[in-house]
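In the working numbering, the protein residues as written are 716 to 855. Built from N, CA and C at the ideal position, the CB exists for glycine as well.
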Ligand SMILES: [Zn+2]
């Protein structure tokens with residue numbers, strides 16, 4: 716149900732150089748999105764953000780990633796969703812930091828978003844644990 720990708724400008728994010736990414740993003744956004752960093756627990760602007768509707772877009776390219784209605788309070792310290800827009804994210808196994816986790820990336824610009832775990836609520840049982848700085852809330 717995701718609309719076609721709607722980048723904030725005409726640039727194809729797949730074509731951006733590392734230098735262009737640095738220009739487009741703040742230091743913290745760059746660290747998370749492009750270097751697979753993690754924002755500090757409970758520090759993100761969307762941890763306690765629970766709008767009734769709207770959606771969360773990729774901070775890197777504007778693609779709609781999550782619907783606000785799938786956001787829930789997980790208590791983990793990062794924004795959590797039980798479902799992602801199917802076409803908008805890719806997942807792959809991440810074995811960094813001595814853990815085996817499933818990393819979540821934006822399918823459009825390949826930016827790191829967070830991780831997905833299998834301890835979420837019904838109906839999916841998934842917990843998408845996503846960095847606030849990787850997203851931008853849109854109330855449309
Ligand atoms: Zn993106």
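Considering only DSSP beta bridges, list what residue 827 is partnered with.
As a first step, residue 827 must be located in the chain shown, where it is residue number 112. Answer is 820, bridged to residue 827.
Under 6 Å Cβ to Cβ from residue 851, same chain only, skipping five residues before and after it: list those, please.
As a first step, residue 851 is located in the chain shown; it is residue number 136 there, counting from the start. Here the set comprises 772 and 774.
Can you give, in chain order, each stretch of the alpha helix (DSSP H) that sits fully within the region 759-795 and has at least 4 residues?
none
Run the proximity test for residue 752: is its beta-carbon closer than 7 Å to any non-hydrogen atom belonging to ligand 1?
Residue 752 sits at position 37 when you count from the first residue of the chain shown. Because no heavy atom of ligand 1 lies under 7 Å away, the Cβ of residue 752 does not count as near it: no.
Can you find at least 3 beta carbon pairs, one from the region 796-805 and one from the region 830-840, that sit closer than 8 Å?
yes
Provide the residue(s) that pair with residue 746 in DSSP beta bridges, ordered along the chain.
Locating residue 746 in the chain shown gives position 31, counting from the first residue. DSSP output for residue 746 lists no bridge partner at all.
Quick check on residue 804: does DSSP put it in helix, strand or coil?
Position 89 of the chain shown, counted from the start, is the residue given in the question as residue 804. In the structure shown, residue 804 sits in a strand (DSSP, three-state: E or B).
At what residues does the beta strand (DSSP E) containing residue 842 begin and finish?
Looking up residue 842 in the chain shown gives position 127. Residues 842-845.
Cβ-based neighbour list, residue 736, same chain, cut-off 6 Å, excluding 5 preceding and 5 following:
Position 21 of the chain shown, counted from the first residue, corresponds to residue 736. The residues are 749.
Over the uninterrupted alpha helix (DSSP H) stretch that includes residue 858, give me the two end residues.
A query on residue 858 cannot be resolved here, the shown segment of the chain reaching from 716 to 855 and no further.
State the Cα-Cα distance for the pair residue 817 and residue 830, rounded to the nearest angstrom.
Taking the first residue of the chain shown as 1, we reach residue 817 at position 102. Taking the first residue of the chain shown as 1, we reach residue 830 at position 115. Their Cα atoms are separated by approximately 5 Å.
Quick one: Cα of residue 742 to Cα of residue 847, how far?
Within the chain shown, residue 742 is the residue found at index 27, counting from 1. Within the chain shown, residue 847 is the residue found at index 132, counting from 1. Taking the straight line joining both Cα atoms gives about 14 Å.
Can you give me the Cβ contacts of residue 768 inside the same chain, cut-off strictly under 7 Å, excluding the 5 residues immediately before and after it?
The residue you call residue 768 lines up with position 53 of the chain shown. Taken in chain order, the residues that qualify are 783 and 784.
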